[in-house]
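For reference, the structure is listed below as C-alpha cells.
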Amino acid sequence: MGSTLRERKKQQTRQEISDVATRLFIERGFDAVTIAQIAAAADVAKMTVTNHFPRKEDLVLDLHEAMVRWPAETVANRAAGQSALGALREAHFAALERRDALLGFSGPSFAGLVLGSPTLVARLREIDEQREQTLAEVLAGEGTFAGQPGGDPPPLLVAAQLNATHRVLFQEVLRRTAEGESDDQIAGGLEPLARQAFDLLEPALGWHAVRQ
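See the structure below:
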C-alpha cells in the first residue's frame, strides 16, 4: 500500500511539473523557458525537475515512453489468429475513436507548440525511430510470412512499414489540430485515410506474424 501511494505521489508530481512546463512553453516559447523557471513555477527543486525529466523536450512530450511502447505492446498482446497488422489496425481505429493523445490528439496550443519548435520536432523523430526499433524487436521472434515465397521479411523492414502508417496518421492529426480543426473533424477526416493506409499493407503483411 505504501509503495503504491509513493508511486501515485511520484506520478502526480511528474504530471504537475509537466503541466506547468507546458503552460510556460505555450506562453513564452520552448527555448525561452529555463528549467530553473519551471522549478520555481512548480514550487519544486530544480533537481526534482531533472530527476523526472532528464531531457527538457520530454517535459512537453511526457508520454514519450508510452509512444515508443504502444505499437510493440499491441503486437505482443494480440489475440490468437490475429496478425501484427490486424492488431495495429484495430488499435489505431480504437485510438481514433477515443481521440487518444498517442495518436496526436492534443489541442491546438499544444500542437502549435510542438510543430513550432525544431527541437521538439527533432525529438518526435527520435521517438519515432525508437518506436520502430522496439516494434522490430518484438517482431523478430514472431510468426511466419505464411504462403509467400522467400520466407519471412526482415523484422526491421516490417516494423518500418507498420510504423510509417502510424507516423503519417500522427503527423496528420497534429497538423490538423494546430490548424484549428476540432477532434471530431479530425477523426472524421482521418478514418478514410487510416483505412486506406492499412488496406495498402494488407496484401504484403496480412499473413505475417499471425498469433498461433
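Numbered by the numbering used here, the letters in the sequence shown go through residues 1324 to 1535 in order. Glycine included, every Cβ here is placed at the ideal spot set by N, Cα and C. Just so you know, these numbers come straight off a predicted model, no measurement behind them.
Beta-carbon proximity of residue i to residue j, cut-off 8 Å
i, j, result
"Q1484", "L1528", "yes"
"R1534", "G1435", "no"
"V1372", "I1349", "no"
"L1458", "A1395", "yes"
"T1488", "A1510", "no"
"A1355", "L1462", "no"
"L1524", "L1408", "yes"
"L1492", "L1426", "yes"
"T1397", "L1411", "yes"
"R1518", "N1486", "no"
Cβ neighbour criterion (16 or more within 10 Å) applied to residue i
i, result
"P1478", "buried"
"N1400", "exposed"
"A1402", "exposed"
"V1343", "buried"
"S1429", "buried"
"M1390", "buried"
"T1500", "buried"
"G1352", "exposed"
"L1328", "exposed"
Rounded separation between residue i and residue j - CA only
i, j, result
"E1380", "I1450", "11 Å"
"L1347", "D1385", "15 Å"
"A1365", "H1387", "21 Å"
"F1433", "R1490", "18 Å"
"R1392", "A1363", "32 Å"
"L1513", "A1368", "42 Å"
"E1339", "P1476", "44 Å"
"T1336", "S1406", "39 Å"
"G1503", "G1464", "42 Å"
"I1361", "S1341", "9 Å"
Just to confirm the assignment: which complete alpha helix (DSSP H) runs, minimum length 4, are found wholly within the segment 1415 to 1470? Taking only runs of at least 4 residues, the alpha helix (DSSP H) segments lying wholly in the segment 1415 to 1470 are 1431 to 1438, 1441 to 1462.
Entirely within the segment 1374 to 1420 and at least 4 residues each: give me those alpha helix (DSSP H) ranges in chain order. Counting only runs of 4 or more, we get 1387 to 1399, 1407 to 1420.
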